[in-house]
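> Would you mind keeping the following structure in view while I ask a few things?
There are 4 protein chains.
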Amino acid sequence: MNTVIDSGIVEQHNAKAMANLEADYAALGGMLARRGKDIEQLTALAQTFAVALPSWGVGTGGTRFARFPGPGEPRNVFEKIDDCAVINQLTRATPLVSLHFPWDKPTDVAALREYADRYKLGFDSVNSNTFQDQLGQAHTYKYGSLTALSAESRAQAVQHNVECIELGRALGSKGLTVWVGDGANFPGQQNLRGALERYLDSMRGVYAALPDDWQVYIEHKLFEPAFYATTIADWGTSFACATELGPKAKCLVDLGHHAPNTNIEMIVARLAQFGKLGGFHFNDSKYGDDDLDSGSINPFQLFLIFNELADASARDGEAFKPSYMLDQSHNVTDPIESLMNSAVEVQRAFVQSALVDRAALAQYQQDNDVLQSAQALKHAFRTDVSPILAMARLRSGAPADPVGCYRASGYRAKQAELRPAKAGASSSGIV
Amino acid sequence: MNTVIDSGIVEQHNAKAMANLEADYAALGGMLARRGKDIEQLTALAQTFAVALPSWGVGTGGTRFARFPGPGEPRNVFEKIDDCAVINQLTRATPLVSLHFPWDKPTDVAALREYADRYKLGFDSVNSNTFQDQLGQAHTYKYGSLTALSAESRAQAVQHNVECIELGRALGSKGLTVWVGDGANFPGQQNLRGALERYLDSMRGVYAALPDDWQVYIEHKLFEPAFYATTIADWGTSFACATELGPKAKCLVDLGHHAPNTNIEMIVARLAQFGKLGGFHFNDSKYGDDDLDSGSINPFQLFLIFNELADASARDGEAFKPSYMLDQSHNVTDPIESLMNSAVEVQRAFVQSALVDRAALAQYQQDNDVLQSAQALKHAFRTDVSPILAMARLRSGAPADPVGCYRASGYRAKQAELRPAKAGASSSGIV
Amino acid sequence: MNTVIDSGIVEQHNAKAMANLEADYAALGGMLARRGKDIEQLTALAQTFAVALPSWGVGTGGTRFARFPGPGEPRNVFEKIDDCAVINQLTRATPLVSLHFPWDKPTDVAALREYADRYKLGFDSVNSNTFQDQLGQAHTYKYGSLTALSAESRAQAVQHNVECIELGRALGSKGLTVWVGDGANFPGQQNLRGALERYLDSMRGVYAALPDDWQVYIEHKLFEPAFYATTIADWGTSFACATELGPKAKCLVDLGHHAPNTNIEMIVARLAQFGKLGGFHFNDSKYGDDDLDSGSINPFQLFLIFNELADASARDGEAFKPSYMLDQSHNVTDPIESLMNSAVEVQRAFVQSALVDRAALAQYQQDNDVLQSAQALKHAFRTDVSPILAMARLRSGAPADPVGCYRASGYRAKQAELRPAKAGASSSGIV
Amino acid sequence: MNTVIDSGIVEQHNAKAMANLEADYAALGGMLARRGKDIEQLTALAQTFAVALPSWGVGTGGTRFARFPGPGEPRNVFEKIDDCAVINQLTRATPLVSLHFPWDKPTDVAALREYADRYKLGFDSVNSNTFQDQLGQAHTYKYGSLTALSAESRAQAVQHNVECIELGRALGSKGLTVWVGDGANFPGQQNLRGALERYLDSMRGVYAALPDDWQVYIEHKLFEPAFYATTIADWGTSFACATELGPKAKCLVDLGHHAPNTNIEMIVARLAQFGKLGGFHFNDSKYGDDDLDSGSINPFQLFLIFNELADASARDGEAFKPSYMLDQSHNVTDPIESLMNSAVEVQRAFVQSALVDRAALAQYQQDNDVLQSAQALKHAFRTDVSPILAMARLRSGAPADPVGCYRASGYRAKQAELRPAKAGASSSGIV
């Protein structure tokens, strides 16, 4: 297996970190043992965790006001794969990459697959893009894609999704994520019901092209780029559409795509209950679709989501297998660092949720012991599982401290030399 | 037909108002004619409008901090019917009353029906109450009703709903509205999925008791009294449950029960599209479930909701018949005045929505003429249809100005004498 | 005076519209007379209304996802002035233009002033831009401008604002609007208090450069581009800073820059009371800083803001002179049409607010007649003052229907020929 | 010193808990030592922490829909003091009680002071109540208190506040907290500026009655009971008023009184910077003024608030002394348990904030190392300081596990016998 960072650097890093880590691990192990928990089981569990990387996440993001590029940004899909390989090498938690077409469309699909395979990276669900007009595109999406009143725009959008399925198939992917920004900026701009009818009609065309072992994930979002009415704005619409389309259609939950004050973990519980939870775009937010690093704003919410996932797993067993992906915009950090750190934060919530004593919780609930049932969750959340995560990495060949090791490796500085910035790429100026 | 206000007072009022009204009506008629609209058609349409009254709305409401009672509040269901009769006499827009049990439970159902019938008042859907414990109640709802882990509490809640159906049947009602405040105040308090499973199980029991020509309306609400997770919190959950239960189950939309920034008219469009729009609780709000007078905070939103209803009517014809009810809390106004005024505001939105030129709108949309499609709605909304509403009342036997006529009648002062306030009723002190 | 649209087109348009307009005007005049209002006074008042145009508003806007350009977009500040001249010619409500530097920085300031003067266009407050890095800029704003920890970045940002004042002075402007996107995306990124201390220090430098008859407007915004903590996030911070800086510093209210559910008209009342209301950026929004056309989403809110402005004018007289500007992003409409229409919507709210019977309102309030005090505002808002606005335009030499006349003029089609699109300008691709 | 719970029960409890606690404490101590932190310093710091108890918090709360009473609720201020004494005995973190008048108005002030003193309980700021009408009150607050248009209502409200100061003085309190629900439910109901002018005028009267060593805390709240415009709705208004009134007037921050998405820790930073941070009402919320247990919904936010407080302490030293109080409504838990648990949660955030390495954080910020500056906070927050809190309690004579010990004591069951419920107290029925 190829590695991007020299494995000697990882070993050297871990050699230094080992003494402290083992001491912390033993201390935590003792504390857990006194609560009747086996740290080794948790570490083994942590090692099973995986969350996919978004190919677009390794570049610096921005807002409509500006983009402030960072050094050494990847300039094509192969360089993006390199960066993803770094992240997976240093976390062992991100073995899959999610591509976005046409941004990542390769001229030689087989070569791309082989390139990733050398890093032992696979491909998660592929993403279509009908929220932008590409150069030379025949029909505009200015007034909608899958929902456009123009039959040509709709057909083009369906055809693009079908092409994405074909590309994904060649890459070994098993899913298609469909997010459309379609909607209206003003009351009256669209017939709201007509738009959803056209969406369903278009999606039936996409659905028909799905291989038997594929799923299509419907991603909803409250607003942006549409600012009055987004066609797929909430989980209710997503759920109704997935139900209409059939068993291969499921719902995707992005943590930043909800109205203020929404209880997202309850949406997770509902979709799990009705068999339509397809997957996640993990990130965090305070205001809107802020696309901040996972767990950076409200880590307890992330834990509560994983608490629902643990509950669903306990109920539904192997049948319950939602797809996990990061979806973040890194505007002021090194994207590789943010993605490593975010993968670890999601993994943290996963391990913490395994600490919940579900039998005790059920009993507290049965007894209407509200305070203790709440504390059962808080107790798990409060546990600092950092030594478990570090030990899991170490045992999987990754460094105890991914960011520290990454910085020591000098990877970014080297890429800054190898990948000079494109001129004029600095600012968008769209306001 | 009995009337509460002496009809001479109405006639006298209208005699005075007539000259100005006729002049305004003629002026508006001319303006509409120049836009190709026939004012007489609109007036006839306005006369067909009806919205039900909530029996609990004729008393003064309050908050958890305090209730400031008003003079002459009704002390029993018969006095509530009297007040509702005033509202309908003076607006001719509120021929039905919606009762709430056990608050309004009569000892003699037939006598109540006859009492209302003398005013030509009928009964809209009945409302069950499992959000409070009643004196002498066997099992508490402190930890839930239809979703309680206690089988006894659940059975009691189901039985109460079945009893409401029986009472409603005897009163000539055709629907049951089920709102439960059930939910959790803290993460962990409830298994979110388990709570909904119990809800569905309980509701199957209620559903089984519905007569063939009845409907049950599921009312969702984001929060309050549950402050972390409400079991029926959003339209998605309401829709999924109504689908599970069967064709007699529909969704009820209360305008104050949504997350901030929610596009309510889109929810209306979605429920209409999927055949599950059962009815409305009209009111207005700026923050939460504020239960303010309809149209008082965001009248354009009320119009946009009626614009969707007009679209659904145009598509689905007679099959589309959602139930309209006011649901407001009148804390600082005379409840009769607020209800009259609110009925008129809802009727106003209904008439304004009929002014939308749907053919022109469809053409603007087809042409992606966003500005003119938005203006097509604004043009209708901007039209001051007050003379149409006043003339419709006049032709139906009601006064041009309901509030003015009501004040002239001295009804409230008379009730203040007849209905002395209960001692100690002033403050709740629940904080 | 130069005109962009041939005045014959306007005259021809008005000749056709006149008969209907006069009939509508007479009808409305009669209705108002019956309410004791003189339509001629209102029309004269409407003619005095003015709102400034944002130079950046005449181009097509976009989001971080995409920009879909329209035909004939202006390519420099002179072409922007041409488009603004069209808007003012056809509405007579937009005699001032607000420039944005360095976007609009002219090589020859005097030539620009003369160019605008030929259209009788003046210059409103100038806007600085420290939220983007310009090509060749010495110090980056990636980590802040006026608040940056880098002394060089701060000094550069101060110097840019001082240069804006100098440019504005040469153009005849009397104000500087300072909006900074500075802030943090993550807890910990900034010392919140330190950032505001640096802001104040920088602003003292800017303030010191203000001519005696100038004002500086501090514009706050809840979020975007900073997604965790924006330094100038709310009116409280804006007010505290304006107080610290001195009498020439005032607060600017943009309608889309507040937390959900905020009562904006109350902020207007507060700033007016404490003497710090500097001006407005008018637009509308449903979710965030959506920058939609004024009055398109919540026209009653716009009216309520003008109701406060009317109250402040009645109290403070001539001393109360806030600056009005449109600030919108036109993503799916012709920007000229949206700006014309928006100027008319703001003017509409201004005229409606003059219809409020303030003496009657004060008496209702004094009597705690809550219902009638609310109706006093609704009555004014419901009045369709369109004939007044059209007649005011006509008397000022503008067309009854600006959009209709503009379309008839063929201006956009002509510009589409004269101003070919820049290649590759279609999409931002910042996600 | 009197104790409510037999001290033998506490000793017995701690004897059982000691072995595990010492092991956990040693394990954590080792982990902290490896990070360069001294656990003993943190434990000593924890012992200094204090937060006041709200007298109204020891009874069961409710909503406008219902109140579900619990067993053994206190029936007068002496029984409330008993319950508060339990909380302080078992946490050693709540030595002060905050009274609410007239609810807690004693017939014999000296006796009440002596009664509390026997428990070594003191009195924090006193609270006035002008949001309810009391039986026999001369003038109603239905249309406002300090802001009422009625001069009699205003004078009565001022006089009540002055009386509260006198009562507080006799009790040894040093502050008055003024929260008024005054405001409007409808646009037009109030002249917004007039209401605040009257508020300031009334408050000048209250301010004049403050002893030299007192402070008055202005508490703002976005909405409820006023549902359109609350006179003191946001920190900006609170700050402007405190500035107008003088140095003894400060602002009080209740965590549930803000618009959705508000960054509360930034408000804390602003008020600290401008010298106007008076104190806190701690609680937690997901939607509105939910008054849930502190730290139960968003514990990271609580930590971030204490991070600002730690920053302010580091800057301003002893001069910075805001007042801390819990303000919660306990609807489904034992109020004593919730208050003990909440005191511990606030203490937890206090101790965690002391773990932040401020020098390292400042350096990361200086270097624009955004990721590590964010991690510096997360690292502190993630640390499970439970053993520190337990050891601090133990050393102060309280039990390791307050809730466990309380349950073992049988206090509630005993009170249920001694304090039979008032008949008819079950439901409010205000909707």
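Residue numbers (UniProt numbering), protein chains in the order written: chain A, 1 to 431; chain B, 1 to 431; chain C, 1 to 431; chain D, 1 to 431. For every residue, glycine included, the Cβ atom is placed at its ideal position computed from N, Cα and C.
1) Pick out the complete beta strand (DSSP E) segments inside the region 275 to 315 of chain B, 3 residues or longer, and give them in chain order.
2) Return yes when the Cβ of residue 149/A is within less than 8 Å of the Cβ of residue 375/B, no when it is not.
3) Could you have a look at residue 400/D and say whether DSSP puts it in helix, strand or coil?
4) Considering only residues of the same chain and omitting the five flanking positions on each side of residue 204/D, which have a CB-CB separation below 8 Å?
5) Check each candidate in 351/D, 371/D, 350/D and name the one with the smallest Cα separation from residue 360/D.
6) Please decide whether residue 315/B counts as near chain D, where near means a Cβ-Cβ distance under 8 Å.
7) Just the C-alpha distance for residue 207/D and residue 191/D, rounded to the nearest angstrom, thanks.
8) How would you list, in chain order, the residues of chain C whose beta-carbon sits under 7 Å from the beta-carbon of residue 187/D?
9) Are the C-beta atoms of residue 411/D and some chain A residue less than 8 Å apart?
10) Kindly indicate which residue of 145/C, 93/C, 104/C has the alpha-carbon position closest to the one of residue 49/C.
11) Take the Cβ of residue 40/D as the centre, count every other Cβ of all protein chains shown within 10 Å, and call the residue buried at 16 or more, exposed below.
12) Comparing alpha-carbon positions, which option in 265/A, 256/A, 231/A lies nearest residue 270/B?
13) Which of the three DSSP states is assigned to residue 425/B in this structure?
14) From the DSSP output, in three-state form, read off residue 325/A for me.
15) By the DSSP assignment, the beta strand (DSSP E) with residue 66/B in it spans what residues?
16) Please list the partners that residue 194/D has in chain B, where partner means a Cβ-to-Cβ separation under 9 Å.
17) Verify whether the separation of the beta carbon atoms of residue 28/A and residue 247/A is less than 8 Å.
18) Return yes when the Cβ of residue 263/D is within less than 8 Å of the Cβ of residue 233/C, no when it is not.
19) Where does residue 126/A sit, in a helix, a strand or coil, going by DSSP?
20) Might you give, ordered along the chain, the residues of its own chain that have their beta carbon closer than 8 Å to the beta carbon of residue 349/A, omitting 5 neighbours on each side?
21) Pull up the distance between the alpha-carbon of residue 410/A and that of residue 5/A, whole angstroms please.
22) To the nearest angstrom, how far is the alpha carbon of residue 399/D from that of residue 389/D?
23) Residue 435/C to residue 186/C, Cα distance in whole Å?
24) Which residues does DSSP pair with residue 218/C in a beta bridge?
25) Please classify residue 2/D as buried or exposed, where buried requires at least 16 neighbouring CB atoms within 10 angstroms.
26) Would residue 153/A pass as an interface residue toward chain D - the criterion being a Cβ-Cβ separation below 8 Å?
27) Below 8 Å, how does it come out for the region 14 to 30 of chain D and the region 103 to 122 of chain C: are there three or more Cβ pairs, yes or no?
28) Residue 50/D versus chain A: which residues are under 7 Å apart at the beta carbon?
29) Return the residues of the region 352 to 367 of chain B that lie within a Cβ-Cβ distance of less than 8 Å from chain D, sorted by chain order.
30) Flag residue 179/B as yes if its beta-carbon sits less than 8 Å from any beta-carbon of chain A, otherwise no.
31) May I ask you to report which of helix, strand or coil DSSP gives residue 51/A?
32) Between the beta-carbon of residue 392/D and the beta-carbon of residue 46/D, is there less than 8 Å?
33) How far does the alpha helix (DSSP H) with residue 149/D in it extend, from its first residue to its last?
34) When the Cα atoms are used, what is the spatial distance from residue 329/C to residue 241/B?
35) Kindly indicate which three-state DSSP category residue 200/C falls into: helix, strand or coil?
36) Rank 373/D, 90/D, 136/D, 275/D by C-alpha distance to the C-alpha of residue 184/C and give the top, closest one.
Working from what's here:
1) 277 to 282
2) Taking the first residue of the second sequence as 1, we reach residue 375/B at position 375. Taking the first residue of the first sequence as 1, we reach residue 149/A at position 149. For residue 375/B and residue 149/A, no; Cβs fall outside 8 Å.
3) Residue 400/D sits at position 400 when you count from the first residue of the fourth sequence. Correct three-state label for residue 400/D: coil.
4) Here residue 204/D refers to the residue found at position 204 when the fourth sequence is read from its first residue. Excluding residues within five positions, the ones whose Cβ falls inside 8 Å are 245.
5) Taking the fourth sequence and counting its residues from 1, the one referred to as residue 360/D is at position 360. Here the closest residue by C-alpha is 371/D.
6) For the purposes of this step, residue 315/B is taken as the residue at position 315 of the second sequence. No - not a single Cβ of chain D is within 8 Å of the one on residue 315/B.
7) Within the fourth sequence, the letter at position 207 stands for residue 207/D. Within the fourth sequence, the letter at position 191 stands for residue 191/D. Taking the straight line joining both Cα atoms gives about 24 Å.
8) As a working mapping, residue 187/D is identified with position 187 in the fourth sequence. Within chain C, the residues near residue 187/D are 304, 374, 377.
9) One-based indexing of the fourth sequence puts residue 411/D at position 411. No, residue 411/D does not count as interfacial toward chain A.
10) Position 49 of the third sequence, counted from the start, is the residue given in the question as residue 49/C. Minimum Cα-Cα distance from residue 49/C among the listed residues 145/C, 93/C, 104/C corresponds to 93/C.
11) By 1-based counting over the fourth sequence, the position of residue 40/D is 40. Classification for residue 40/D: exposed.
12) If you number the second sequence from 1, residue 270/B lands on position 270. Looking at the Cα atoms, 231/A is the closest of the given residues.
13) The count along the second sequence starts at 1 and reaches residue 425/B at position 425. Unreliable placement is indicated for residue 425/B, whose pLDDT of 49 sits below 50; the coordinate value is still reported in the next sentence. Shown here, residue 425/B sits in coil according to DSSP, grouped into three states, outside any helix or strand.
14) Here the question's residue 325/A lines up with position 325 in the first sequence. Residue state, collapsed to three classes: strand.
15) Residue mapping note: residue 66/B aligns to position 66 of the second sequence, counting from 1. Element bounds for residue 66/B: n/a, residue is neither H nor E.
16) Locating residue 194/D in the fourth sequence gives position 194, counting from the first residue. Residues of chain B passing the Cβ test: none, with the nearest at roughly 17 Å.
17) By one-based count along the first sequence, residue 28/A stands at place 28. By one-based count along the first sequence, residue 247/A stands at place 247. In this structure, residue 247/A does not lie closer than 8 Å to residue 28/A by Cβ.
18) As a working note, residue 233/C is residue 233 in the third sequence. As a working note, residue 263/D is residue 263 in the fourth sequence. Contact: yes.
19) Within the first sequence, residue 126/A is the residue found at index 126, counting from 1. DSSP places residue 126/A in strand when its eight states are reduced to three.
20) The count along the first sequence starts at 1 and reaches residue 349/A at position 349. Around residue 349/A: 295, 299, 302, 303, 305, 306.
21) Here residue 410/A corresponds to residue number 410 of the first sequence, with the count starting at 1. Here residue 5/A corresponds to residue number 5 of the first sequence, with the count starting at 1. Roughly 9 Å separates the two Cα atoms.
22) Taking the fourth sequence and counting its residues from 1, one reaches residue 399/D at position 399. Taking the fourth sequence and counting its residues from 1, one reaches residue 389/D at position 389. When the Cα atoms are used, residue 399/D and residue 389/D turn out to be separated by approximately 10 Å.
23) As shown, chain C starts at 1 and ends at 431. That puts residue 435/C outside it, with no answer to give.
24) The residue given as residue 218/C occupies position 218 in the third sequence. Bridge partners of residue 218/C: 178/C, 251/C.
25) Reading the fourth sequence from its first residue, position 2 is the one you call residue 2/D. By the Cβ neighbour-count rule, residue 2/D is exposed, with fewer than 16 other Cβ atoms within 10 Å of its own.
26) As a first step, residue 153/A is located in the first sequence; it is residue number 153 there, counting from the start. At a cut-off of 8 Å between beta carbons, residue 153/A makes no contact with chain D.
27) no
28) Position 50 of the fourth sequence holds residue 50/D. Against chain A, a Cβ distance below 7 Å from residue 50/D picks out nothing, because the smallest value is about 22 Å.
29) none
30) Your numbering for residue 179/B matches position 179 in the second sequence. No, because no Cβ of chain A sits closer than 8 Å to the Cβ of residue 179/B.
31) Position 51 of the first sequence holds residue 51/A. Three-state result, residue 51/A: coil.
32) Residue numbering aside, residue 392/D sits at position 392 when the fourth sequence is read from its first letter. Residue numbering aside, residue 46/D sits at position 46 when the fourth sequence is read from its first letter. Yes, Cβ-Cβ distance for residue 392/D and residue 46/D is below 8 Å.
33) As a working mapping, residue 149/D is identified with position 149 in the fourth sequence. That residue, residue 149/D, is in no alpha helix (DSSP H); it is neither H nor E in DSSP.
34) Position 329 of the third sequence, counting from 1, holds the residue named residue 329/C. Position 241 of the second sequence, counting from 1, holds the residue named residue 241/B. Each residue's alpha carbon lies about 41 Å from the other.
35) Taking the first residue of the third sequence as position 1, residue 200/C is located at position 200. Helix at residue 200/C.
36) By one-based count along the third sequence, residue 184/C stands at place 184. Among 373/D, 90/D, 136/D, 275/D, the Cα nearest to that of residue 184/C belongs to 373/D.
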